[in-house]
Amino acid sequence: MPSCQPDPSLSTKPIDCEQLDISSLLAMLGEIPDPRKAKGAIYSLRYILSTSLVSTMTGAKCLSEIGRWAARIPQPLLARLGAPYDHFLGRYRVPSEKTIRRVLKVIDIAALDARIGCWLFAQTAWGNGE
């Protein structure tokens, strides 16, 4: 099982997700095929993946932390990520750790990793004026 401890060779400085181009992130994540059955799916794959990615970029290091960080994402950012709105509670919904864990078990992680790597590289290149 992977450790929740940070790799000392990697930067642990959180990324300010409000400064990132979320539209390009959502477009990239929308290209990933959803292996789940449509029946009963409350959250889109794109939303679950974007919530997980934002949680990771802001400091979460393992699945249990991703679930906790996702619950703390501000409501305006959840709206930008495509969260379903709960009219009864009057707020955007967040997937549970269990939901995130189930989804991450069934998708092609290598393909997701490659796409996220390309997107992060594009963000870095864009930030450096390239």
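Residue 0 is where the sequence shown starts when you use numbering that gives the first Met the number 0, and the numbers rise one by one after that.
For glycine and all other residues, C-beta sits at the position ideal for the given N, C-alpha and C.
Please read these numbers as outputs of a predicted model, since none were measured by experiment.
Quick check on the burial criterion: 16 or more other C-beta atoms within 10 angstroms. Buried or exposed for residue i?
| i | result |
| --- | --- |
| residue 82 | buried |
| residue 108 | exposed |
| residue 45 | buried |
| residue 110 | exposed |
| residue 75 | exposed |
| residue 94 | buried |
| residue 120 | exposed |
| residue 105 | exposed |
| residue 140 | What is shown of the chain runs 0 to 129, which leaves residue 140 out entirely. |
| residue 41 | exposed |
| residue 66 | buried |
| residue 22 | exposed |
| residue 59 | buried |
| residue 54 | buried |
Assuming contact is defined by CB atoms lying nearer than 8 Å, are residue i and residue j in contact in what I supplied?
| i | j | result |
| --- | --- | --- |
| residue 37 | residue 50 | no |
| residue 79 | residue 85 | no |
| residue 31 | residue 99 | no |
Using DSSP's beta-bridge definition, name the partner residues of residue i.
| i | result |
| --- | --- |
| residue 90 | 85 |
At which residue ranges does the region 35-80 contain complete alpha helix (DSSP H) runs of 4 or more residues, listed in the order of the chain? 44-56, 62-70 and 74-80
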